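This report concerns only the one structure given below.
Numbering (full-length UniProt numbering), first residue to last: 1 to 331.
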């Protein structure tokens, strides 16, 4: 055991967050860790006799009884998913403290938690919605100040036909696209630093090359160097989170499908549509989970490893790919 058991809890929280940062979580994940740790710790401090400022709280103050009471107060106004996430954060925090010798044991198993519910998919509603969206984005819209249909379609098509997350789209580089004809693929920097490869079909490949050609016409050949960001704004600057979200929202508005987009899943609805259509068209759970880059595939023995050929067959079965055929003339 360390001789620093009475060290400020706030200091230990910062040490924990620094240690987690080496795993390269997203900024949003780190922010969620900090928020959950501080929220529960504040409740512990407020319930002390007399109440303490957070900086005066010690790790020795966090007994199982104290943690149960704090989590009961934390849970009262919150959804089960939020409580479950906070419980997991604190469990990870105490595991860190045990490993570093700051505490003898982890009190979290004595703290109740709600059952974790699997998030429900939120695909675009309507059987033909992806096709309507793609066709609308491919048209020059006279209402736009600087229309760039090639870029807009590329964004939608990669999300709909490769299932990429927002962060994964922003991390793409020009050389993320590779492979020989007939075996083209996109290399994805996945969540938690886990890379994966997603096969892409010929129509999507041709559409993406058409977008890069349009970029050369706009900004010159230096704009498509291998290490250049794959997605850029209308000034040729790397597309950022807010810009990508606005782009997709504007595509929804132009297509007139705002009522078909699930609330709270604007860009993510495209990824969910990719997975839902794969399932509807016969892909197995193992193929879908591998293509989406879910961590549970690597850790769970219930999923069967699939070959690259099976993954390509699964992507080929995704009927959204067929909507791309008429958007770009054959090269």
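Beta carbons are placed, not taken as given, at the ideal position from N, Cα and C, and that holds for glycine.
Every value quoted in this text rests on a predicted model; they were computed, and no experiment measured them.
Three or more Cβ pairs closer than 8 Å define a contact, and the segment 269 to 279 meets that threshold against the segment 119 to 134. Here the segment 245 to 256 makes no contact with the segment 167 to 183; the two share fewer than three CB pairs at distances below 8 Å.
Of the candidates 160, 153, 129, 209, the residue whose Cα lies closest to the Cα of residue 176 is 209. Distance from the CA of residue 145 to the CA of residue 234, rounded to the nearest whole angstrom, comes to 10 Å. Three or more Cβ pairs closer than 8 Å define a contact, and the segment 210 to 224 falls short of that threshold against the segment 182 to 192. Rounded to whole angstroms, residue 165 and residue 211 show a C-alpha spacing of 20 Å. By the neighbour-count definition (other C-beta atoms within 10 Å, threshold 16), residue 89 is a buried residue. With fewer than 16 other Cβ atoms inside 10 Å of its own Cβ, residue 141 counts as exposed. In the DSSP assignment, residue 189 falls within the beta strand (DSSP E) that extends over 185 to 189. Residue 242 is bridged by DSSP to nothing; it lacks a bridge partner. For the 9 Å CB-CB criterion, residue 291 and residue 198 form a contact.
By the neighbour-count criterion, in which 16 or more other beta carbons inside 10 Å mark a residue as buried, residue 246 falls on the exposed side.
Residue 324 is not a Cβ neighbour of residue 237, given a cutoff of 9 Å. Pairing residue 41 with residue 57 gives a Cβ-Cβ distance under 9 Å. With distances taken between CA atoms, residue 34 lies nearest to 87 out of 156, 87, 316, 104. No residue range can be given for residue 266, since it is assigned to no beta strand (DSSP E) and is classified by DSSP as neither H nor E.
The C-alpha of residue 19 is placed about 27 Å away from the C-alpha of residue 240.
Contact annotation: residue 159 and residue 207 have beta-carbon atoms that are not nearer than 9 Å. When rounded, the separation of the alpha-carbon atoms in residue 178 and residue 226 is 11 Å.
The residues 59, 97, 102, in chain order, have a CB closer than 7 Å to that of residue 12 in the same chain once the five nearest residues on each side in sequence are set aside. Residue 250 carries a helical assignment under DSSP once its states are collapsed to helix, strand and coil. Under the three-state reduction of DSSP, residue 327 is assigned to coil, being neither helix nor strand.
The DSSP assignment places complete alpha helix (DSSP H) segments of no fewer than 4 residues inside the segment 167 to 241 at 202 to 219, in order along the chain.
Residue 107 is a Cβ neighbour of residue 64, given a cutoff of 9 Å.
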